[in-house]
Amino acid sequence: MATLHTKNAARAMMAPAVIVLLIWMIVPLAMTLYFSTLNYTLYNPFSTPFVGFENYSYFLNDPTFLAALANTLVLVLGVLAITVGGGILIALLLDQDFYGVNIVRLLVIAPFFVMPTVAALVWKNMMMNPVYGVIGQFLQALGIAPIDWMTDVPLLSIVIIVAWQWLPFATLILLTALQSLSMDQKEAAEMDGAGALSIFWYITLPHMSRAITVVILIQTIFLLSIYAEILVTTQGGPGSQSTNITYLVAQQATSYGDIGAASAGGIVAVILANIVAIFLVRLIGKNLDA
Amino acid sequence: MGQIHLEKVRKAFGDVVIIPELDLQIEDGEFVVFVGPSGCGKSTLLRLIAGLEDVTGGKIVIDGKDATELPPAKRGLAMVFQSYALYPHMSVRKNIAFPLKMAGMDKAEIDKRVDYAAKTLNLDNYIDRRPAQLSGGQRQRVAIGRAIVREPEAFLFDEPLSNLDAALRVGMRLEISELHQRLKTTMVYVTHDQVEAMTMADKIVVLRAGNIEQVGSPLELYTAPRNTFVAGFIGSPKMNLIGGAEAGKFNAATMGIRPEHVRLSTSEGAWKGTVKVSEHLGSDTFLHVESPVHDEPLTVRAGGEFPVHSGDVVYLTPEPDKVHRFDANGLAIR
């Protein structure tokens, strides 16, 4: 019963949770905003004079910033393309009935359980190492000169590693969507004269559109903040060829000890992430409406 | 043309035989209803004709051509599914146009045919809606529309009315019958509802466990059921099937008498019984009567109001020329 009394009681009971949540989110954000206006370095943490927007202009005018922005976009878009495209194909395969399909499904999902740092180290040392990596050995067996992945194509290497990690997630979500497609619709389309490709294009793909939207939205959030994979493989290099915004922000603090610039960078990253979010929701969010 | 001949068609899933060898002729323009209890293989039979399942043995001949190996789309048949199977992300127009688009027909011709189908089925006002925004009956009509635009040789209906409420079902039953009158195209219709079968069919095929029990017009099945199964399945309420001594008086192992062919009296008659339940429908009264001649209650119809209540004593007399006689194997004695 929604009486005045129960409403007040409800407010009182919700208050602690709301207050904790507010503190949890507002305090770090406020501190970041505050630090971003100070000349605050780890070399002299006791003198932190107010400098206004100087940290922002320093961070935004850093030539690495634009490169990192471009790298971030390439990383996000590249991984999305591979995981959504590959996820659809693998989901289509796993939706078939074949002997041992349950074990294969389990194996396909396995990479998702490997920690990012571990996955990246395994890829760097066991797969992509030009001398003793599996890919290098394979290429050599074919008589092709091995590629020095981390040096020659650092960003592509990271895209591959991250895509490998996120492919299971995309596959899993898309597979469940695929399994909810009613057999009747496929049969009706078959009766209507649609071939396998037409059924995929006109029936299956539209049916999966909502799941694809979910995959893109969720992955984008996580892909914007890729850090561990870069740290343990290329460390953003060579030069800044594989530095993304997140890594650049962290670098300000860890390599240069500049808390002020790192905070400013953090705020810039938040703003950029919001721009991407608005853009995405406008572009594909309508798929989520029932 | 819409002739479908099944020759020695067999279907088995692994070791489980759904349809042992079966022969059936469906002639051009006929409205054929497959009827039978659930699990009798009637839907499987329809799917075999449609090409959605492969036959294990035998031949399916459509219009004189062997269609056994043809893919569904090449058989010239259109199907209406129990779930309607509309494409949820397409408007009504796109749903109906889909088979034509797949056939590569040009845009103007598609529009013309879709508009015509929509008009015939009273869908013009909903043409730009999505299936989710339509009622059950409207969805049903869209599904039928999608079937008729192709101008198929024959229509296949797989229990199309079972998801509708009772009132709508009666209306759609009429609409489908009218559609058949107008198009004069062969229709094959699957249902478990013998009322639908009786009211719509030119020819009823009664199936049990994949076997054809009897083929015939609704009245043939009603007046001359070939065996006790058909006798019990066709007609509503069910025929009373009585064995033992009473049947012996008619020189039969089992005698059958329909509820509407029993004379009722409160004073005299062949069988004495007590009323267990009386169902008053206004136009008819159905009595369930317990009688020593049979261990299950007998169903009897009285026209109009028949003023008896639970516990009253009544006398029943079967009309002698309406008695069905069956031998020990359940086959009719003629």
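Top to bottom, those sequences are chains R and U. For reference, each letter of the first sequence is one residue, going 1 to 290 in the working numbering. For reference, each letter of the second sequence is one residue, going 1 to 334 in the working numbering. Every residue gets a Cβ at the ideal spot worked out from N, C-alpha and C, and that includes glycine.
Listing by chain order, which chain R residues have their CB less than 9 angstroms from the CB of residue i?
{"i": "residue 52/U", "result": "187, 190, 191"}
{"i": "residue 78/U", "result": "191, 192"}
Taking just the CA atoms, how far does residue j sit from residue i?
{"i": "residue 151/R", "j": "residue 238/R", "result": "6 angstroms"}
{"i": "residue 206/R", "j": "residue 186/R", "result": "13 angstroms"}
{"i": "residue 75/U", "j": "residue 107/R", "result": "42 angstroms"}
{"i": "residue 254/R", "j": "residue 28/R", "result": "19 angstroms"}
{"i": "residue 164/U", "j": "residue 148/U", "result": "21 angstroms"}
{"i": "residue 171/R", "j": "residue 137/R", "result": "29 angstroms"}
{"i": "residue 86/U", "j": "residue 99/U", "result": "12 angstroms"}
{"i": "residue 133/R", "j": "residue 118/R", "result": "16 angstroms"}
{"i": "residue 15/U", "j": "residue 194/R", "result": "32 angstroms"}
{"i": "residue 280/R", "j": "residue 212/R", "result": "13 angstroms"}
{"i": "residue 225/U", "j": "residue 260/U", "result": "16 angstroms"}
{"i": "residue 132/U", "j": "residue 162/U", "result": "18 angstroms"}
{"i": "residue 154/R", "j": "residue 242/R", "result": "6 angstroms"}
{"i": "residue 268/R", "j": "residue 144/R", "result": "44 angstroms"}
{"i": "residue 81/R", "j": "residue 149/R", "result": "20 angstroms"}
{"i": "residue 130/R", "j": "residue 123/R", "result": "12 angstroms"}
{"i": "residue 254/U", "j": "residue 318/U", "result": "14 angstroms"}
{"i": "residue 59/R", "j": "residue 261/R", "result": "6 angstroms"}
{"i": "residue 283/U", "j": "residue 177/U", "result": "25 angstroms"}
{"i": "residue 170/U", "j": "residue 277/U", "result": "27 angstroms"}
{"i": "residue 47/R", "j": "residue 128/R", "result": "46 angstroms"}
{"i": "residue 227/U", "j": "residue 114/U", "result": "46 angstroms"}
{"i": "residue 146/U", "j": "residue 95/R", "result": "28 angstroms"}
{"i": "residue 11/U", "j": "residue 106/U", "result": "39 angstroms"}
{"i": "residue 78/R", "j": "residue 169/R", "result": "16 angstroms"}
{"i": "residue 198/U", "j": "residue 234/U", "result": "8 angstroms"}
{"i": "residue 70/U", "j": "residue 41/U", "result": "21 angstroms"}
Assign residue i to one of two classes, buried (16 or more other C-beta atoms within 10 Å of its C-beta) or exposed (fewer than that).
{"i": "residue 342/U", "result": "No statement about residue 342/U is possible, as the shown extent of chain U runs from 1 to 334 and does not include it."}
{"i": "residue 5/R", "result": "exposed"}
{"i": "residue 175/R", "result": "buried"}
{"i": "residue 159/U", "result": "buried"}
{"i": "residue 83/R", "result": "buried"}
{"i": "residue 266/R", "result": "buried"}
{"i": "residue 79/U", "result": "buried"}
{"i": "residue 161/R", "result": "buried"}
{"i": "residue 245/U", "result": "exposed"}
{"i": "residue 115/R", "result": "exposed"}
{"i": "residue 126/U", "result": "buried"}
{"i": "residue 343/U", "result": "Residue numbering for chain U in the displayed model covers 1 to 334; residue 343/U lies beyond these limits and cannot be assessed."}
{"i": "residue 192/R", "result": "buried"}
{"i": "residue 9/R", "result": "exposed"}
{"i": "residue 251/U", "result": "exposed"}
{"i": "residue 100/R", "result": "exposed"}
{"i": "residue 18/R", "result": "exposed"}
{"i": "residue 282/R", "result": "exposed"}
{"i": "residue 121/U", "result": "buried"}
{"i": "residue 313/U", "result": "exposed"}
{"i": "residue 179/R", "result": "exposed"}
Please list, in chain order, the chain U residues whose beta carbon lies closer than 9 angstroms to that of residue i.
{"i": "residue 206/R", "result": "87, 88, 89, 90"}
What residues from chain R crowd round residue i, counting only those whose CB sits closer than 8 angstroms?
{"i": "residue 81/U", "result": "184, 187, 188"}
Is residue i close to chain C, meaning its C-beta is less than 7 angstroms from at least one C-beta of that chain?
{"i": "residue 118/U", "result": "Reference to chain C is not applicable here, since the protein chains of this structure are R and U."}
Quick one: list the residues of chain U neighbouring residue i, beta-carbon separation under 7 angstroms, in chain order.
{"i": "residue 203/R", "result": "87"}
{"i": "residue 198/R", "result": "102"}
What does residue i touch in chain R if you count any residue whose Cβ is under 7 angstroms from its own?
{"i": "residue 72/U", "result": "190, 191"}
Please check the pair residue i and residue j, which I expect to be a contact at CB under 8 angstroms, by giving their CB distance rounded to whole angstroms.
{"i": "residue 194/U", "j": "residue 35/U", "result": "6 angstroms"}
{"i": "residue 40/R", "j": "residue 259/R", "result": "4 angstroms"}
{"i": "residue 141/U", "j": "residue 156/U", "result": "Not really, about 17 angstroms apart at Cβ, beyond 8 angstroms."}
{"i": "residue 84/U", "j": "residue 143/U", "result": "4 angstroms"}
{"i": "residue 68/R", "j": "residue 274/R", "result": "The pair is not a contact, with the Cβ atoms about 18 angstroms apart (cut-off 8 angstroms)."}
{"i": "residue 335/U", "j": "residue 3/U", "result": "One cannot answer for residue 335/U here, as it falls past the ends of chain U, which runs 1 to 334."}
{"i": "residue 262/U", "j": "residue 273/U", "result": "Between residue 273/U and residue 262/U the Cβ distance is about 10 angstroms, and since that is not below 8 angstroms, they are no contact."}
{"i": "residue 264/U", "j": "residue 275/U", "result": "10 angstroms between Cβ atoms; not a contact."}
{"i": "residue 316/U", "j": "residue 269/U", "result": "5 angstroms"}
Does the ligand PLP have even one heavy atom less than 6 angstroms from the beta-carbon of residue i?
{"i": "residue 202/R", "result": "As presented, the structure is devoid of all ligands, the ligand PLP included, so that no description of it is given."}
Near-chain R residues of the segment 94-110 of chain U - C-beta to any C-beta below 8 angstroms: 98, 99, 102, 103
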